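**Student:** If you count by this note's numbering, then the sequence shown holds residues 11 to 253, one letter each, in order. Using N, Cα and C, we set each Cβ at its ideal position, and we do this for glycine too. These numbers were taken from a predicted model, which means no experiment stands behind them.
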Amino acid sequence: MKTLKNNKWWSLILVPIFSTSLFVTILTAAPLTITEKMDTEEIQTIAVSTTEVPKNAAEQQPTSEPQSTVNTPNPNTPTSISSSTPAPTSTPVKTAQPQTSRSTSTSSTTSKTTAAKATTQPTKASAIISTGKQYLGVKYVYGGTTPAGFDCSGFVQYVFAKHGITLPRVSRDQYKIGTSVSYSNLQPGDLVFFSLAKNGVVDHEGVYIGNGQFINAASSKGVTIYTLGTYWQSVYVGAKRVL
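#1: Measuring alpha carbon to alpha carbon, tell me which of Ala-135, Ser-230, Ala-228 ends up nearest His-173.
#2: Which word fits Tyr-241, buried or exposed, when buried means at least 16 other C-beta atoms lie within 10 angstroms of its C-beta?
#3: Pick out whichever of Val-151, Lys-143, Ile-139, Gln-144 has its Cα sitting closest to the Cα of Ser-230.
#4: Closest to Arg-251 by CA distance: which of Gln-223, Val-212, Tyr-193 is it?
#5: Give me whichever residues DSSP pairs with Arg-251 in a beta bridge.
#6: At which residues does the alpha helix (DSSP H) containing Tyr-168 begin and terminate?
#7: Is the Cβ-Cβ distance between Ser-163 and Arg-179 less than 9 Å?
#8: Looking at C-alpha atoms only, which residue of Gly-147, Tyr-218, Leu-196, Ser-205 is the closest neighbour of Phe-260?
#9: Residues in the same chain with beta-carbon distance under 6 Å from Asn-226, minus the five sequence neighbours each way, listed in chain order, please.
#10: By the DSSP assignment, the beta strand (DSSP E) with Thr-234 in it spans what residues?
#11: With 16 other CB atoms within 10 Å as the buried threshold, where does Val-211 fall?
#12: For Gly-154, which residues from the same chain have a beta carbon less than 6 Å from its beta carbon, with the 5 sequence-adjacent residues on both sides left out?
#13: When the Cα atoms are used, what is the spatial distance from Ile-175 to Lys-186?
#14: Relative to the alpha-carbon of Thr-248, which residue among Asp-213, Pro-132, Asn-221 has its alpha-carbon at the smallest distance?
#15: Residues in the same chain with beta-carbon distance under 6 Å from Arg-182, minus the five sequence neighbours each way, listed in chain order, please.
#16: Between which two residues does the beta strand (DSSP E) harbouring Tyr-241 extend?
#17: Can you list, in chain order, the residues of its chain whose CB lies under 8 Å from that of Ala-207, leaving out five sequence neighbours each side?
#18: From Tyr-145 to Val-166, what distance separates their C-alpha atoms?
#19: May I have the straight-line CA-CA distance separating Pro-132 from Asn-209, to the nearest angstrom?
#20: If you compare alpha carbons, which of Pro-198, Ala-137, Ala-228, Val-202 is closest to Gln-184?
#21: Just reading off the beta strand (DSSP E) that Gln-223 is part of, what are its end residues?
#22: For the alpha helix (DSSP H) holding Asp-183, just list the boundary residues, first then last.
#23: Go ahead and pull the three-state DSSP assignment for Thr-133.
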């Protein structure tokens with residue numbers, strides 16, 4: 011009886027050990043056999059699960075709308091200007107020339123023009139007077155306009171034409187042109203007009219040559235020089251400057 015009890019205990023111990031060893035041996039020697047015995051449907055499920063991981067992973071992404079890449083500025087945060095914004099192009103500012111400089115330049119130009127005119131006038135006046143004196147003694151001819159004989163207006167017209175200045179034919183018309191000059195401001199080359207009938211109507215003229223004298227074609231002496239004495243001043247009407 012005692013022997014049977016001992017064998018029973020040994021069998022209880024050895025059987026589990028033997029079974030475990032046998033199972034390990036079987037798994038090591040023929041793993042594919044066990045694998046093949048696994049349920050085909052289960053293997054396919056595992057394979058499908060493995061291939062669908064990316065899809066499931068994609069489906070597990072949050073369904074909420076993607077956040078906008080534009081950051082809404084915080085009203086309490088100062089807005090900074092993007093460095094990509096082009097810098098404003100600066101427009102060159104033209105410096106205005108001082109008005110005084112322009113005025114000075116204008117005044118200088120005017121002064122030069124006036125000076126040039128003042129220089130030219132005596133020169134031309136002298137030339138006209140010199141030309142007129144060449145005809146001293148030429149007889150008076152009513153309506154005459156040539157050195158063959160002059161009347162007063164014909165003589166003046168002819169002498170001035172020699173120097174490029176065109177004048178009307180008769181004394182009354184010549185008095186209507188040019189700039190009026192007072193008796194005290196007479197200059198050589200000015201035209202002096204008279205009313206021999208003393209009715210204020212111009213009927214005689216001559217060219218002032220300076221020193222209170224004028225040259226004219228007089229009906230009594232022809233081309234001659236007179237002094238503006240008492241008589242001539244009594245019939246004097248006025249003077250005009252055409253140079």
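**Tutor:** Walking through what the data contain:
#1: For His-173, the closest C-alpha among the options Ala-135, Ser-230, Ala-228 is that of Ala-135.
#2: Label assigned to Tyr-241: exposed.
#3: The shortest C-alpha separation from Ser-230 is found at Val-151.
#4: Checked all of Gln-223, Val-212, Tyr-193; the closest Cα to Arg-251 is Tyr-193.
#5: Thr-189, per the DSSP bridge assignment.
#6: Taken as a continuous stretch (DSSP letters only), the alpha helix (DSSP H) holding Tyr-168 covers 162–171.
#7: Going by beta carbons, Ser-163 and Arg-179 fall inside the 9 Å limit.
#8: This structure cannot settle anything about residue 260, because the visible part of the chain is limited to 11 through 253.
#9: Correct list, in chain order: Cys-162, Gly-216.
#10: Element bounds for Thr-234: 232–237.
#11: By the beta-carbon neighbour count (other beta carbons within 10 angstroms, threshold 16), Val-211 is exposed.
#12: Answer for Gly-154: Phe-160, Asp-161, Gly-164, listed in chain order.
#13: In this structure, the CA atom of Ile-175 is about 15 Å from the CA atom of Lys-186.
#14: Looking at the sequence shown, residue 248 is not Thr but Gly. Checked all of Asp-213, Pro-132, Asn-221; the closest Cα to Gly-248 is Asp-213.
#15: Contacts found: Val-212.
#16: In the DSSP assignment, Tyr-241 falls outside any beta strand (DSSP E) and lies within the alpha helix (DSSP H) extending over 240–244.
#17: The answer, listed in chain order, is Asp-213.
#18: Using only the alpha carbons, I get a separation of about 11 Å.
#19: Rounded to whole angstroms, Pro-132 to Asn-209 spans 33 Å at the Cα level.
#20: Of the candidates Pro-198, Ala-137, Ala-228, Val-202, the one whose C-alpha sits nearest the C-alpha of Gln-184 is Val-202.
#21: Under the DSSP assignment, Gln-223 falls in the beta strand (DSSP E) whose first and last residues are 223–228.
#22: It spans 181–184 - the alpha helix (DSSP H) in which Asp-183 sits, taken as one unbroken run.
#23: Note: Thr-133 maps to helix in three-state DSSP.
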